[in-house]
Each structure stands twice: as structure tokens, then as C-alpha cells.
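Here the structure comes first, spelled out in C-alpha cells, and everything after it is commentary.
Numbering (full-length UniProt numbering), first residue to last: 1 to 103.
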């Protein structure tokens, strides 16, 4: 997978050059997972490798991977980070409990 090409394709299609790089990478990877470019079970490239390939700090890649994990798009395992199987094409977040006034 050519992540630099994926990132430039995402940027051309969505035009978010003003976003910070970490958000741009996060949104790009999420987009690729949702549209099937990165299929469930696909192992993402190591953070150091991707950072070097894209010319960004490793923390930029770590942030993107951590955000994807918190949203359920990827799952860390012993050998790296793997694209999760999404039941509905998008992860479901638990709704925050609504405080009940007057009870």
C-alpha cells in the first residue's frame, strides 16, 4: 500500500490542506477503511516506517493510529495494528448517559 499516494488522493478528493497533519492522516486512514481500500484484517505499516515514508514525526502517526483505535476502526495486536471488522461500516459509540433533572 502506498500511503503517500493514498494521502494525496484523499487530499485531492476532500481538500483539507489546512488541517494539522495528524488529523489529515487520521481522516485519510478512516476514509480508506470505510471505503474498503484498507480491508478488515489488513496490518497497518509500522509507525516508524510510515512516519519516515510521509516525512512526518512518529507522534503524528501514533496519534492517528490511537484515534482510529479509540473509534474502533483498528485493533492493536502483538505484531502491530490491524484494521478491525466493522459490523455496519462504521463503529458505534456508546451514548453518554443523560442526567435526569428533578429526580
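Note that the Cβ used here is the ideal one computed from N, Cα and C, for glycine as well.
Taking the CB atoms as reference points, tell me whether residue i and residue j lie closer together than 8 Å.
{"i": "residue 60", "j": "residue 52", "result": "no"}
{"i": "residue 47", "j": "residue 62", "result": "yes"}
Who are the Cβ neighbours of residue i in its own chain at under 6 Å, not counting the five residues just before and after it?
{"i": "residue 94", "result": "Note that residue 94 has pLDDT 42, beneath the 50 cutoff, so the model's placement of it is unreliable and the number below is only indicative. Taken in chain order, the list of residues that qualify is empty."}
{"i": "residue 91", "result": "Low confidence applies here, because residue 91 scores a pLDDT of 46, under 50, leaving its location unreliable and the question unanswered by this model."}
{"i": "residue 19", "result": "none"}
{"i": "residue 85", "result": "40"}
So, at 8 Å on beta carbons, what are the nonlocal neighbours of residue i in its own chain, with the 5 sequence-adjacent residues on each side left out?
{"i": "residue 44", "result": "29, 38, 50, 65, 74, 80, 81, 82, 83"}
Judging by CA-CA distance, which residue of the options is the nearest neighbour of residue i?
{"i": "residue 24", "options": "76, 77, 68", "result": "68"}
When you measure from the CB of residue i to every non-hydrogen atom of the ligand ZN, does any distance come out below 7 Å?
{"i": "residue 36", "result": "Summarising the ligand content, the structure contains no ligands, and the ligand ZN is consequently not present."}
> Which ranges does the beta strand (DSSP E) cover as unbroken runs of at least 3 residues, wholly within the UniProt domain "HTH gntR-type" (19–86), from first to last along the chain?
Replying inline: List check, beta strand (DSSP E) in window: 74–77, 80–83.
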